Structure formats: C-alpha cells, structure tokens
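Here's the structure we're looking at; comments come further down.
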Amino acid sequence: MISALLPAAAVAATSVTAAFLALLLISYVAQGRRPKPHRGSLVPEPELVILLFDGHELVDATAPARSLLERIPGSADEWARLSSYLSQRIVRFEERLEELPSRGRVDFAGKDGVTLNVVAEAVGGMMRLTLTDPEAEGQGIVVDALSLRAQEEELKFLRLMHGALPSLLWRTDEDGTVTWANKAYLDLSAESGESELMWPLPVQFPQVGAQNAAGPARRLKRAGSDRAKGIWYEVASFPLGDATMHHAVSVDALVKAETALREFIQTLTKTFAHLPIGLAIFDRQRQLALFNPALTDLTTLGVEFLSGRPTLFAFLDQLREARVIPEPKDYQSWRLQMSELERAAASGHYEETWALSSGQTYKVTGRPHPDGAVALLIEDISAEITLTRHFRSEIELGQSVVDAIDEAICVFSPAGEIILSNAAYAALWSVDPGTTLGRMSIRDAIRHWQGRTLPTPVWGDARDFVSDIGERAEWFAEVSFVDGGVLNCRFAPLPGGATLAAFSKGMHARPPLRRLRRGRRTESELMA
72 MISALLPAAA VAATSVTAAF LALLLISYVA QGRRPKPHRG SLVPEPELVI LLFDGHELVD
132 ATAPARSLLE RIPGSADEWA RLSSYLSQRI VRFEERLEEL PSRGRVDFAG KDGVTLNVVA
192 EAVGGMMRLT LTDPEAEGQG IVVDALSLRA QEEELKFLRL MHGALPSLLW RTDEDGTVTW
252 ANKAYLDLSA ESGESELMWP LPVQFPQVGA QNAAGPARRL KRAGSDRAKG IWYEVASFPL
312 GDATMHHAVS VDALVKAETA LREFIQTLTK TFAHLPIGLA IFDRQRQLAL FNPALTDLTT
372 LGVEFLSGRP TLFAFLDQLR EARVIPEPKD YQSWRLQMSE LERAAASGHY EETWALSSGQ
432 TYKVTGRPHP DGAVALLIED ISAEITLTRH FRSEIELGQS VVDAIDEAIC VFSPAGEIIL
492 SNAAYAALWS VDPGTTLGRM SIRDAIRHWQ GRTLPTPVWG DARDFVSDIG ERAEWFAEVS
552 FVDGGVLNCR FAPLPGGATL AAFSKGMHAR PPLRRLRRGR RTESELMA
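Take any residue in the sequence shown, note its place counting from 1, add 71, and you have its number in our numbering.
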C-alpha cells in the first residue's frame, strides 16, 4: 500500500510547486509593467475636478468637484452656481458652450490673470466638464492642515460678513461688466424681476460708467421696478487692481425726509407769501434763510439782494441806506443800537415802533427760533397810527367842547362809573375825575356832593336812578349848599344805559320841589 501511494504524493507535490512558480512569475511580470513612481515623491497624484451634467442637472462629480460646488456661494442649483463661477473667470463661457453639440469638445482658458483651464466634452448625450489649474498641476504642493483651516475659517467669515451686509457691494471690470457681487446685490437683482440670475449680472446703476467709476460718493437713483426697497442710493467707487469696487448705501429715507422738508418749506413760503407782514428769518450764523414777498414791498430791498443770503448786519445796513430805519445822530450809536436789537431779538424781548421820515410807521418785532435762529417781523401800522391819532383828535375836540360848557356835567356808565366830566364840574366840586387814581363811582361822587350840600334825599334818588336798568325819564331837583346858595340838578338818561348829571348854581329858578319824577323826555325818546 505504501509503495502504491508514493507516486501519487510525488505528482501532487510537483503540481503545487508548479502553481506557486506560475503565480510568482505573473506577479513579477505585473510589477515590471507598472510605471515606477518618481523618487522622493511621497504625495499621491491629486484627483481631477470632473463633473457630468445631463442638460443642467448634475449626474455625477468627483470629490474635489463636489467640494468646489459647496464653496460657491448662492442658493441656486449646481449648474447655475457653477456657471456663475466660470463666467466670472472665463471670457464668453456660456456663449462658447453652445458650440459643444456641433464640435464635441470645447477648450476654455481663463481671463488674464486667472490660471484655469476647462475642457467640455460631449459624452453620450451628456456633458463632461474637467477643471484644471495649470500652475498647481504636477507640483506636489503640500498644504499645512492648520494653515488651510485658518484660511478656510477666514474665508467663511468674509463670506458671512458680505452675506449679512445690508449695503451693496459689487466689482466691475474695465468694460463695466459686473464680475462679483455680494448677497444684497444679488437679492436686489432678484427683486428687479430676474428669476434666474445669469452672469454677467444685470447692472443696477448704469450711471456708474467705467470711465468715471473711481471718485467721490454720488447720490444716484436705481433703475428698476417699484418693488425694490429703495430707489435712491449713495454710491462710492474706488479702484481695486485692474477692476473697480463699488459700494452703495440706501438713502431713500433721507431723500424722502429732504423732500418732505422741501415741500414743507414750500408750503410755508406759499403761506408767508399772502401775509401782509414782512418776515425775515436768520439762521444761527445770522444769515438770511427765509423771507416773504411782503418784506420786499415794505423794505424796497431787491429780491437779488435777499436771495444772496445777506447777514443780519448787512440787511440792516441796506435798510439804513433805503431809509427804512430811523436815522440816528451818528453811525456808531446806530451800530450799537443794532447790536442791542440782535441780542434782544435772540432773547425774544425786542419790539419797537419805527417812525420813518416818509411818514410811515413800522412795528418791528424780534422773536427767537429753535437752533439759535432769529425772526424779524416788520408790520406797517401807518393806517392804525393814523386812525388812532384821528380818534384821539376827536376825543380831544369833544373834551374841549364839553369843557366850554358852563354847566357842570358828568356822565356815568351803566356800571355807575364816571366816564366823562368837564372843567366846570372840577371847579364846582373841587375834584377832577380824570386825574384821580382809579375810576370814580356814583358812590364816590355822592360823598363829594354830600360834603358840600345840606342833607337831602336827592342824592339817594340819584344813586338809584343811575343804577336803574328799567325805563327812565329826565328829572330835576334843587339842593342847598352848606355855605348858602342853591344848586339846580338835572339827571337824564343817555343811550346805552349811561346817565348824565348836570349842575348849575341858581336862585330858585324852579319851584322849591324836591324833585320832578316826570320830565319832558323819556329814555326811549332820547334813544330814538
């Protein structure tokens, strides 16, 4: 049995050895065909950025390609974000991409200063994009993990800051094409009706041209629909290498406030235009800020001079030249008077009447205004002064006529106070009601009368007659003086409830009756 098994064992051992040698030979041949790595290179070859699209829908992508898509800002789909990214770096990217179905392959190169190559290939009805960086290809660049993390954190912070910034930021090239914009600019473009934003982005401020982009801030009106938050912006531009950076802040609220203020001033101006009183408002620097047409009529100053915003002292100097201000004895005293005018007007205590050489009379009032402003009001009161003088003249004439009457008279008001008397009354009773302090009532007058006459009930009846509000009639009476003599008294009703008391000395001109209740004329007859 043993001798029979030996040949079989030898055959099996020979087969195993032959198989092992065959595997060893195959392994050696395979290692000989494999390309040898470069000596000293410990970094594996980087994976390419490749994306496969079916129309605008992403079908597949390598890991670096997906990482790139995640870092491109925006909320649109993958193709829109990638297209905006490449359009900023490649000239006429979307326009040349339309040639792919007919050509099968399109090679793109980056703009000046941009190291980027893109190859678009048509593969089975789909499009494959390959992105490479010529400068970084094959260089085996090693990046420190901590440095890379710091750069990514800084980049993330900058993106968040630009995304949260309410003002608009965008960059344009030499042709005025928008090559970059922050989230606020993109949102504003979306509000303008662009449902799908494509690069280059729509220009929101066409007034900012490439030839005058860099310069001071300007207030511009944005071209767009009324659905936008604001229409007025303050745009500042400054160069940034070969491009130009623009910054815009909405000043719509400020413009509306200025417009409202301007309309309010126009309303005030229209209102002041119909006032007969001249108005001149000087600001805190004492320059004329507002005036109305009546001021030109009253002062004869030209509109050209007033529109030039003269100072308060220049305004007063012109008034002096036009003889619209009282002429003082010398110029120095006039300047001192004008300085006092300014101080008094600023405190609200200036009010004077200017009597001009032309015969006109102006009432000038100074009033303080908020923020240190001063307002001067000039009113022509010549008619009032003339009327007052006329009334005063008539009153003086009437008083002279009354004083010329020999009969002592005085008139009582319905309240029982003396409102008129003549010189004969002052001589008879040794008192002048016009020169006494306060008003003299019927009771005060009766005390004077009683001191010069004998006791009589006439004075009580006179007091009741003056106070009576009913129908009254004229009546007469006689009283005797203490030192002798007779006093004839007459009491008559006057229109408006007034009462006339008249006295004359006599020798019993009438019967010695105490009084006559019924006279010749009643109050109604007198009023008629």
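Backbone N, C-alpha and C fix where the C-beta goes; we use that ideal spot for every residue, glycine too. No experiment lies behind these values; they were computed from the predicted model shown.
Where residue i sits in the DSSP three-state scheme
| i | result |
| --- | --- |
| Glu305 | strand |
| Val504 | The sequence given here has Pro at residue 504, not Val. Correct three-state label for Pro504: helix. |
| His440 | coil |
| Phe353 | strand |
| Pro287 | strand |
| Gln389 | helix |
| Val279 | coil |
| Gln358 | strand |
| His233 | helix |
| Gly567 | helix |
| Val553 | coil |
| Val190 | strand |
| Pro310 | strand |
| Leu272 | coil |
| Arg422 | Per the sequence presented here, residue 422 reads as Glu, with Arg not at that position. Strand. |
| Gly111 | Residue placement at Gly111 is flagged as unreliable, the pLDDT there being 45, under the threshold of 50; the coordinate-derived value follows with that caveat. The answer is coil: DSSP assigns Gly111 none of H, G, I, E or B. |
Rounded distance between the beta-carbons of residue j and residue i, thought under 8 Å
| i | j | result |
| --- | --- | --- |
| Ile396 | Trp425 | 6 Å |
| Thr243 | Gln159 | Actually they do not touch by this definition, with Cβ atoms about 12 Å apart. |
| Val322 | Arg290 | 6 Å |
| Ala563 | Glu545 | 4 Å |
| Phe335 | Asn363 | About 15 Å separates the two Cβ atoms, so there is no contact after all. |
Exposure of residue i, with buried meaning 16 or more beta-carbon neighbours within 10 Å
| i | result |
| --- | --- |
| Gln210 | Unreliable placement is indicated for Gln210, whose pLDDT of 49 sits below 50; the coordinate value is still reported in the next sentence. Exposed: under 16 other Cβ atoms inside 10 Å. |
| Phe462 | exposed |
| Val162 | exposed |
| Phe228 | exposed |
| Ile540 | exposed |
| Val537 | buried |
| Arg414 | exposed |
| Ser138 | exposed |
| Pro583 | Caution applies to Pro583, whose pLDDT of 41 falls short of 50 and renders its modelled position unreliable; the model cannot decide the point. |
| Gln337 | exposed |
| Ser418 | exposed |
| Glu170 | exposed |
| Ser471 | exposed |
| Ile480 | buried |
| Val374 | exposed |
| Pro504 | buried |
| Leu168 | buried |
Rounded C-alpha distance that separates residue i from residue j
| i | j | result |
| --- | --- | --- |
| Ile466 | Val482 | 15 Å |
| Phe164 | Leu123 | 17 Å |
| Lys254 | Ile143 | 12 Å |
| Gly443 | Ile452 | 28 Å |
| Trp241 | Tyr256 | 7 Å |
| Ala314 | Glu245 | 6 Å |
| Glu141 | Arg176 | 26 Å |
| Ala475 | Ala494 | 8 Å |
| Ser428 | Gly349 | 19 Å |
| Pro566 | Arg534 | 18 Å |
| Pro172 | Met232 | 41 Å |
| Pro441 | Ala328 | 19 Å |
| Phe353 | Thr371 | 19 Å |
| Ala569 | Leu339 | 49 Å |
| Leu448 | Val435 | 6 Å |
| Phe276 | Gly247 | 11 Å |
| Arg298 | Leu332 | At Arg298, the pLDDT of 49 sits below 50, so the modelled position is not reliable; the number obtained from the coordinates is stated separately. Distance between the alpha carbons of Arg298 and Leu332 is about 25 Å. |
| Thr527 | Phe547 | 14 Å |
| Glu488 | Glu423 | 34 Å |
| His519 | Arg543 | 25 Å |
Residue range of the beta strand (DSSP E) that includes residue i
| i | result |
| --- | --- |
| Thr201 | Met197 to Thr203 |
| Arg460 | Premise fails: Arg460 lies in the alpha helix (DSSP H), Ser453 to Asp474, not in any beta strand (DSSP E). |
| Pro564 | Val557 to Pro564 |
| Arg176 | Arg176 to Ala180 |
| Asp258 | Where Asp258 is concerned, there is no enclosing beta strand (DSSP E), although the alpha helix (DSSP H) it sits in stretches over Lys254 to Glu262. |
| Leu123 | Val120 to Asp125 |
| Ser378 | No beta strand (DSSP E) contains Ser378, which is instead part of the alpha helix (DSSP H) from Val374 to Ser378. |
| Leu168 | Run containing Leu168: none in the beta strand (DSSP E); it sits in the alpha helix (DSSP H), Phe164 to Leu168. |
| Leu491 | Ile489 to Ser492 |
N-terminal and C-terminal residue of the alpha helix (DSSP H) that residue i is part of
| i | result |
| --- | --- |
| Gly522 | Ile513 to Arg523 |
| Asp244 | Taken as a continuous stretch (DSSP letters only), Asp244 belongs to no alpha helix (DSSP H), as it is neither H nor E. |
| Ser484 | Unbroken run through Ser484: none, as it is neither H nor E. |
| Thr370 | Pro364 to Thr370 |
| Gly531 | Val529 to Ser538 |
| Ala331 | Asp323 to Ala344 |
| Ala136 | Ala134 to Arg142 |
| Leu153 | Glu149 to Ser158 |
Closer than 7 Å: residue i CB and nearest the ligand GDP heavy atom
| i | result |
| --- | --- |
| Leu346 | The model depicted lacks the ligand GDP and carries no ligand whatsoever. |
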